[in-house]
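Scroll down for the structure; my scribbles are underneath it.
Residue numbers (UniProt numbering), protein chains in the order written: chain B, 1 to 238; chain G, 1 to 238; chain D, 1 to 238; chain S, 1 to 238; chain H, 1 to 238; chain X, 1 to 238.
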């Protein structure tokens, strides 16, 4: 029995609000149960130095948690003067996931930065960030298209992410904090709309896991991501 | 004529949502027109080193802007590795304003940290932060009271803040970004529920201002803060 | 009775030495009683990136306290690796005050940096810094004029600053440390030679203050700044 | 055809030197082809603050690359003043991998730090670091045992790691730099001596990968790690 | 011919003012020609962690240059966020020189910090700092003695320093900036009152130097330091 | 009697391996007894800003110690976020020593960086670094020559370094850690192949030293450096 009384393969309630703030070219508030992440996309007309003059664009991400998004307050990274290893790991992951479905040449020599800020955390923030950031990125790409700055939308496919894990011996989908803090294995899976795997990160928190468990988890994730991409599509249709 | 077509002495639409996030002991989303600030209050059972063993508590504040809360994206302070002078100035101001109405001895040897994070900026973020943070602080104090940790609510009075300024020769209340970026004088005023002045910070951005103008601005602020405190009271009554 | 036995409206002894060090284009040691601040003006033939190519100049300030300028040694900011919030707040104030009386277009595309370093502190260091820095800036402007680099002195007016406060119920001028550490209200006022207000920063350290007290303090400051500007003029006449 | 002319399932030449330096309680130079990593284990009689008084120990890792371990010189992190996101990601991975096979309660309230410094890089440095660090950690544990500080060796199992990937459509084992820089999918796998999976990190650098490819890669890794653990055992037998 | 028309073995004019500022237990302004360094000694009743509980004290130094003490303004280290290698090298040198003549056991478990801040630089700042800091340290030691905190003055001897160098083929004493910037060899020598050498740091800026030149420079330094120690004694006699 | 049973004027066993790693243009592992330093030379086709456009090149050095190169682990400077004063002092010394024998004009507008990383420390690491770095620099210069990028090898002479000191009253050559930690005087001497002195840094750790002792130490160093340069030549002949 999961703490939330969900079925093993049941997602939390998904809620998506586009145009949540007004300055950004894309701005999406995504909620997966009690996890709430604000994802904004900002377009800049320049690229990092290592790409300058090459004619292609770049998509990157930054991630942060508001100090009291968590059960107990965690120190503000701006005050500490550095981003934690966890923060950097997550923002690198988000960036890779989005670049995997972006045609950077079509984007042209500009950069889109996805800021993913966690307003409230209840597990699965990095996955929610990826799923929400794709929508913000898409809105920014449509913005470029409407301004005639790109010939077509540089996004080639959807991308979304979900966590899966082994909780009390049971493979479960979309872990909340209560499960995440007590599971044996935790795996984050990022997949495209056409079902390709973009990233898999599985960690045995307690006992090592087996090849069979890994395959079971992948299958759970596959189904869950399909439903998340349906949510993305429904949100675009509004 | 103000860009927003408001009267000189008219506040923007004020909207206050308490218990906006669920982990913090106080959590308030305050909106002044398009300015939106999330204020959370976090209680910790220890005080900074300089107060340890003295039997009194502490109230402090941290302030941040999400990178794309503004018209163009500004770099994330956590990534830059330091907080700007502006950020530090604002968070020191918020802390002083709240301590001015708190009985730190009644609070006992614990610290309450107010995190004020700007989700969307349209001028007046520091004033909105003070007005909203007072509510979050009050909720945290009531939380302590309900747990029997303090004998009575350590807040002795309300506190709220508003900006006033001289825009195209006219003294106006509650400047939005369009006014703030083009005014001659900008003044932030912090006052208590009983009408005492806690802080005045006036700056001539263009022409110096006169003693008479200063008094006119103070009077405008006085009236505006009265209405903001009425909003605080209405919110507490819900 | 003030600890220094001064009258309520009496400044401390003011002493100003121009050309105190020899490398800087302006170098002024200002003493207000036991407070001693060395202010130097340095001219550079470039401006910050945000102004480049715009044809106008910039005036900025940096502030520091020698570690043992104070009663007990405070850590060296260079060793700690960052400037405190207080330091940044003060140097931003000094810069704004000086820019308020400078014609940046006349200055041309160059920057003048005012370094204000406190050799000995006894209250009122930021105000002394502004009053002294104006003189150093003026010497640097005259230097530019004498070299034919500007058509006329870009300074349009004097600027000076003084602190006022409510000490044991009495409004007093030019607080020293003994008063500053025990006052209810502390206000720093910056004014021009023609009597315009450039900046007012008033803080209730203890009880909030009233509109009437604020006006009384402003009047004290007005008279005090008049005398400080007379000192500036006397120093220029030497 | 692989650039190195190896078979798809062939490891590079593995070479392990224990006691490579003399001060550390464990010191191992591991070479996987041209990749050379020096792994040292250092015992300290204290644990991080979050574990103090709990009776259990801790195992952690730090990772670094000598500036010219790479084809072109990369800036020294000590000079830049911070560790890159990549460095932090890798050292967190190494620490997790080793803790997965350590009985931290048996270790007692002490910390063992594994420093993994890359002398020469040719792909697969994080995997070589894990495989080598396990040996250094084991030597440190044996040192504790010989001193009577632990009742038995706290290591419950071997752990080793290898990279696998899809290079020009072919699933290959133990990628060198030439392959790593041009592969579609890159996956790092960490497994125990008893065949449990501790960590899987797979990234599509180009095209997304399929569930079938993922399983093929896992099987390659499984075989490769078996051989690496045989190398560890052979080295211990010397 | 030296730029200053001094004899080869002639010091610049030496001027020493004790009790230059009033808060520090020792405060000395030393001038060697146009070089001016303010040296303050601050007593703290604790020692660095590595000495705690050992019953002995510590003497340490910090060094800084005001930004415009030099011909062109150099960036403020507090603003840059770190001390340069040169600064650290110099403050380590000053600390070693003073500890060489201090009985740290007699001092007891307290630390004296010497802050050496350059108000104006014209070559030889580190040597002036050592010579002046000894006086400030002595005043602080006498302060401890007068308060009954030490049984006798922990300073066992004088210490002073001077630069020597080969300028246009000539061995000269006490280089000013014009010589320092153009000399072939630059050597800083620190000696005690009884003629022992505490530190020698010689660098060939241009051509390497010979054993004979080195001895000639040492002899010049020996004579110069004798005269500097006479200045210290004369200052103590005032 | 020296702890190592060496004669007073006896060097430790010297061992030099060129081409120790394969990416760098010069790569030398030098061992002086148990001290082992890896020195690599990296060529970059640009110079620091202060030299740009001047037609001359630059030689610079960076120094680091692996955390467990020492008896007890010392914190990783990259993790601490800054290089210690000692590190900066040493890398500045290495750079000066190498530039003293390099014709920077012949080198042309490029920079060679010498990374000196201590794998194992047993005293004398900075001297070993200089002696080894000269060889790495020479290999890099020969590389430039073989590519036709310089007209002749810009190195005008050899340079090498050794420590000397007074240990238990005896002047000894090439101190190991056991001597270094217990000596009265420690002196590092850098000399060229033609016998010129490039740098002398002598420090009295305990008792001050005399002019006579200094000369005796210089003579010891002179002889030792001669033998080190013979080792350099032998290594080049391989």
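Glycine included, C-beta positions come from ideal geometry on N, C-alpha and C. Computed from a prediction, not measured in an experiment: that's the story for all the values here.
- Taking a beta-carbon distance threshold of 8 Å, residue 227 (chain H) does not count as an interface residue toward chain D.
- Bounds of the alpha helix (DSSP H) holding residue 138 (chain S) are 125-146.
- With a contact defined as Cβ atoms closer than 8 Å, residue 58 (chain X) and residue 111 (chain X) qualify at about 5 Å.
- Under the criterion of beta carbons closer than 8 Å, residue 199 (chain G) and residue 204 (chain D) qualify as touching, at roughly 7 Å.
- Residue burial annotation: residue 72 (chain S) is exposed, with fewer than 16 other C-beta atoms found within 10 angstroms of its C-beta.
- Under DSSP, residue 21 (chain H) shares a beta bridge with no residue.
- A direct Cα-Cα distance of roughly 22 Å separates residue 77 (chain G) from residue 61 (chain D).
- For residue 214 (chain B), the enclosing alpha helix (DSSP H) has its first and last residue at 211-237.
- Between residue 201 (chain D) and chain G, the shortest Cβ-Cβ separation is below 8 Å.
- Per the coordinates, the alpha-carbon of residue 41 (chain G) lies some 16 Å from the alpha-carbon of residue 92 (chain G).
- In the pairwise beta carbon analysis, the segment 127-135 of chain D is classified as touching the segment 33-48 of chain D: at least three pairs are separated by under 8 Å.
- In this structure the segment 178-187 of chain H lies against the segment 161-170 of chain H, because at least three pairs of beta carbons, one per stretch, are closer than 8 Å.
- When DSSP states are grouped into helix, strand and coil, residue 56 (chain H) belongs to the coil group.
- In terms of Cα proximity to residue 47 (chain B), the closest of B:173, B:191 and B:104 is B:104.
- As the crow flies, the alpha-carbon of residue 83 (chain H) is around 39 Å from that of residue 121 (chain B).
- Less than 8 Å separates the beta-carbon of residue 117 (chain B) from that of residue 66 (chain G).
- Boundaries of the beta strand (DSSP E) harbouring residue 41 (chain S): 35-44, taken from the DSSP string.
- Exposed is the label assigned to residue 44 (chain S), since fewer than 16 other Cβ atoms lie within 10 Å of its Cβ.
- Going by C-alpha positions, residue 233 (chain X) is about 42 Å away from residue 9 (chain H).
- Chain H has a Cβ within less than 8 Å of the Cβ of residue 209 (chain X).
- Within the same chain, Cβ atoms closer than 6 Å to the Cβ of residue 178 (chain X) are found at 3, the five residues on either side in sequence being excluded.
- Secondary structure within the segment 53-99 of chain G: the alpha helix (DSSP H) runs of 4 or more consecutive residues, fully enclosed, are 77-80 and 85-99 (chain order).
- Here DSSP, grouped into helix, strand and coil, assigns residue 199 (chain X) to strand.
- For residue 121 (chain D), none of the residues of chain G pass the 8 Å Cβ criterion, the least Cβ distance being about 19 Å.
- Under the three-state reduction of DSSP output, residue 180 (chain H) falls in the helix class.
- Residue pairing by DSSP places residue 120 (chain X) opposite X:36 in a beta bridge.
- At the C-beta level, residue 208 (chain X) and residue 229 (chain H) stay beyond 8 Å of one another.
- Chain order gives the chain B residues near residue 92 (chain S) as 85, 86 and 89, where near means a beta carbon separation below 9 Å.
- Interface annotation, residue 151 (chain S): not in contact with chain B, CB-CB separation never under 8 Å.
- Scanning X:174, X:98, X:80 and X:236 for the CA closest to the CA of residue 125 (chain X) turns up X:174.
- The DSSP-derived three-state label of residue 161 (chain S) is strand.
- The alpha-carbon separation between residue 222 (chain D) and residue 89 (chain X) amounts to approximately 53 Å.
- Per DSSP, the beta-bridge partners of residue 26 (chain G) are G:41.
- Residue state for residue 171 (chain D) is assigned as strand, using DSSP reduced to three classes.
- Around the Cβ of residue 158 (chain X), a 10 Å sphere holds 16 or more other Cβ atoms; the residue is buried.
- When only Cα atoms are considered, residue 107 (chain G) and residue 154 (chain G) end up about 6 Å apart.
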